[in-house]
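Counting along the sequence shown from 1, when you hit position 183 you're at 183 in the UniProt record's numbering, and nothing is skipped either side.
Glycine included, each C-beta is placed from N, C-alpha and C at the ideal position.
All of these numbers come straight from a predicted model, not from anything done at the bench.
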Amino acid sequence: MNDKVKDALVRLEQGIESLLDTEQWKRYLMFQSRFHSYSFHNTLLIFIQKPDATMVAGFQQWKEMERFVRKGERGISILAPMFHTKIEDEAPPGVEETALGEEAKRKILYGFRPVYVWDVTQTDGEPIPTVDVPVIMDGHTGWYESLRQACPFPLCEVHEMESGALGSFNHRTRSIEIVETLPEAQKAKVLIHEWAHGLLHSLAARPERETRELEAESTAFVVASALGFDTADYSFGYIVGWRGEEAVQTLKACGTRIQKAADTILSTLQLEPSVKKEAV
1 MNDKVKDALV RLEQGIESLL DTEQWKRYLM FQSRFHSYSF HNTLLIFIQK
51 PDATMVAGFQ QWKEMERFVR KGERGISILA PMFHTKIEDE APPGVEETAL
101 GEEAKRKILY GFRPVYVWDV TQTDGEPIPT VDVPVIMDGH TGWYESLRQA
151 CPFPLCEVHE MESGALGSFN HRTRSIEIVE TLPEAQKAKV LIHEWAHGLL
201 HSLAARPERE TRELEAESTA FVVASALGFD TADYSFGYIV GWRGEEAVQT
251 LKACGTRIQK AADTILSTLQ LEPSVKKEAV
């Protein structure tokens, strides 16, 4: 294994251990809201090396946007997957008979290599396109209706819930309920949380309750941060008491799932200017 890859993996393990602190976890999630399309591991590597980064890209990508990395700026090391192409003797399952006789190709991951990206603050050149995000005032926001329309799960507003909760996801009907009397901004937050449950959890595959809630609340925090919501009321007490190697492995799995769920929701809303990523 390449020494630089080994160093990156060591940094990752140390970084994940540091996230067992609730405040550090919250800082990381705030950071991830700016890099939701990058993998959990690469987002954490960027966070460790340049915690003030806001938008990163490779040297060539910046050049294509008519921005140029300043001389002497140090690159941020992340990991890019390496694949080799395997040619199948016969078409893989699900491919029609007409494809037989042609080369059926399949990409197989065999390792990682270090690549470098630079933050926008390390470059000069043409302005970056921006996306207007509605400002939240007096508990109202235009995001609730946008989220409701984008959400793939049926949503029903109810007068109250027997459990006293503000919202819920029904795994049997695959639908969401939200208390109708909530302020619009809070409805939006609850909807994101329940949407995350729908993406992450099912009756067939349900981790422990504290893990489920950590994943859903963390996903909601990332999305809410990206949309410009006040996130001061989010808390992650579930992590308190998590220690040791088992906790690190659990958080690593959660981190990957949270990143994918947040990216799914935010990509549905199509918020960002398009920046092609070298590695994710």
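Buried or exposed (CB count within 10 angstroms, at least 16 for buried), residue i
i: I46; result: buried
i: K50; result: buried
i: T211; result: buried
i: S168; result: buried
i: Q186; result: buried
i: I108; result: exposed
i: R67; result: buried
i: A196; result: buried
i: E13; result: exposed
i: S202; result: exposed
i: Y110; result: exposed
i: Q149; result: exposed
i: E215; result: buried
i: M137; result: Since pLDDT at M137 reaches only 38, below the 50 mark, its modelled position is unreliable, and the value read off the structure follows with that caveat. The residue is exposed, with fewer than 16 neighbouring Cβ atoms inside 10 Å.
i: E217; result: buried
Host beta strand (DSSP E) of residue i (start-end)
i: N170; result: 167-170
i: C156; result: 155-158
i: S235; result: Run containing S235: none; DSSP gives neither H nor E here.
i: G125; result: 123-125
i: E177; result: 175-179
Unbroken alpha helix (DSSP H) run spanning residue i, endpoints
i: E213; result: 209-227
i: V69; result: Taken as a continuous stretch (DSSP letters only), V69 belongs to no alpha helix (DSSP H), being part of the beta strand (DSSP E) at 67-69.
i: T250; result: 244-269
i: E73; result: First-last for E73: undefined, no H or E at that position.
i: R11; result: 3-18
i: H41; result: 40-49
i: S146; result: 143-150
i: V120; result: Careful: V120 lies outside any alpha helix (DSSP H) and carries neither H nor E.
i: M30; result: 22-32
Residue i versus the options, residue with shortest Cα-Cα distance
i: E23; options: A226, P127, T231, N2; result: T231
i: K6; options: K107, K187, K86, I78; result: I78
i: E177; options: K189, E194, E184; result: E194
i: E126; options: T256, Y28, V69; result: V69
i: A262; options: R34, R11, A8; result: R34
i: F236; options: W118, V120, A220; result: A220
i: V115; options: T173, K4, Y238; result: K4
i: A205; options: E217, V222, F229, H171; result: H171
i: R257; options: R11, A8, H36; result: H36
Span separating the alpha-carbon of residue i from that of residue j
i: E162; j: K252; result: 35 Å
i: P154; j: L20; result: 35 Å
i: Q249; j: M30; result: 21 Å
i: P273; j: P129; result: For P273, the predicted model reports a pLDDT of 47, less than 50, meaning its position is unreliable; a value from the coordinates is still stated below. So the alpha carbons of these two residues sit roughly 6 Å apart.
i: V133; j: S267; result: At V133 the pLDDT is 49, less than 50, meaning the model places this residue with poor confidence; the figure from the coordinates comes in the next sentence. Rounded to the nearest angstrom, the two C-alpha atoms are 15 Å apart.
i: F83; j: W25; result: 32 Å
i: L269; j: S146; result: 8 Å
i: D124; j: G255; result: 33 Å
i: K277; j: Y38; result: Bear in mind that a pLDDT of 46 at K277, under 50, signals an unreliable position, so the model cannot answer this.
Contact set for residue i: own chain, Cβ-Cβ below 7 Å, skip 5 residues either direction
i: A224; result: K189, I192, T231
i: A247; result: L20
Close Cβ partners of residue i (< 8 Å) along its chain, the five nearest in sequence each way excluded
i: L166; result: I178, V179, L182, Q186, V190
i: S175; result: F153, P154, L155, C156, F169
Own chain partners of residue i with C-beta closer than 6 Å, once the 5 adjacent residues on each side are dropped
i: A53; result: I46, D119
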